[in-house]
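Here's the structure we're looking at; comments come further down.
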Amino acid sequence: MFTEESRSITVTGSAENGGFVYKVNYSTDGDKLLRLHCNVYKKASETEPEQYAGLMFQESGNKQFSFPQDTDITPHVAVFETVLAEVKAGLTLEAES
Numbered sequence: 002m003f004t005e006e007s008r009s010i011t012v013t014g015s016a017e018n019g020g021f022v023y024k025v026n027y028s029t030d031g032d033k034l035l036r037l038h039c040n041v042y043k044k045a046s047e048t049e050p051e052q053y054a055g056l057m058f059q060e061s062g063n064k065q066f067s068f069p070q071d072t073d074i075t076p077h078v079a080v081f082e083t084v085l086a087e088v089k090a091g092l093t094l095e096a097e098s
């Protein structure tokens, strides 16, 4: 009766750059990246708790970035592109194994 039509794997992780933490989660179907979401947080300090700074994601072939209007997104996009490239490279290596 039951026929499995798809299966996905979800991975969570993080990266740090400068005063920011990038909390990443992505899903794959085993070979192909389905989506990657990255929440950006300003690191906690002695006087302030961790603060949400923005969101970046790729899904269905589209990339979107959401930050407050006065934010310089250039360094965040660079981190996002690096993380995205590393994830894709890891999927390629797994597929070749």
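If you read the sequence shown in this note's numbering, its first letter stands for residue 2, the second for the next number, and so on.
Note that beta-carbon positions come from the ideal geometry of N, C-alpha and C, so glycine has one too.
First through last residue of the beta strand (DSSP E) which encompasses residue i
{"i": "E17", "result": "I10 to N18"}
{"i": "K54", "result": "For the record, residue 54 in the displayed sequence is Ala; it is not Lys. Segment Q52 to E60, the beta strand (DSSP E) holding A54."}
{"i": "F66", "result": "N63 to S67"}
Environment of residue i [buried if 16+ CB atoms lie within 10 Å]
{"i": "M57", "result": "buried"}
{"i": "A86", "result": "exposed"}
{"i": "E27", "result": "Note on identity: in this sequence residue 27 is Tyr, with Glu being the wrong assignment. Label assigned to Y27: buried."}
{"i": "L94", "result": "exposed"}
{"i": "T11", "result": "exposed"}
{"i": "A90", "result": "exposed"}
Whole-angstrom distance between residue j and residue i, CA atom to CA atom
{"i": "A45", "j": "M2", "result": "52 Å"}
{"i": "S61", "j": "H38", "result": "12 Å"}
{"i": "D73", "j": "T4", "result": "48 Å"}
{"i": "K24", "j": "D32", "result": "22 Å"}
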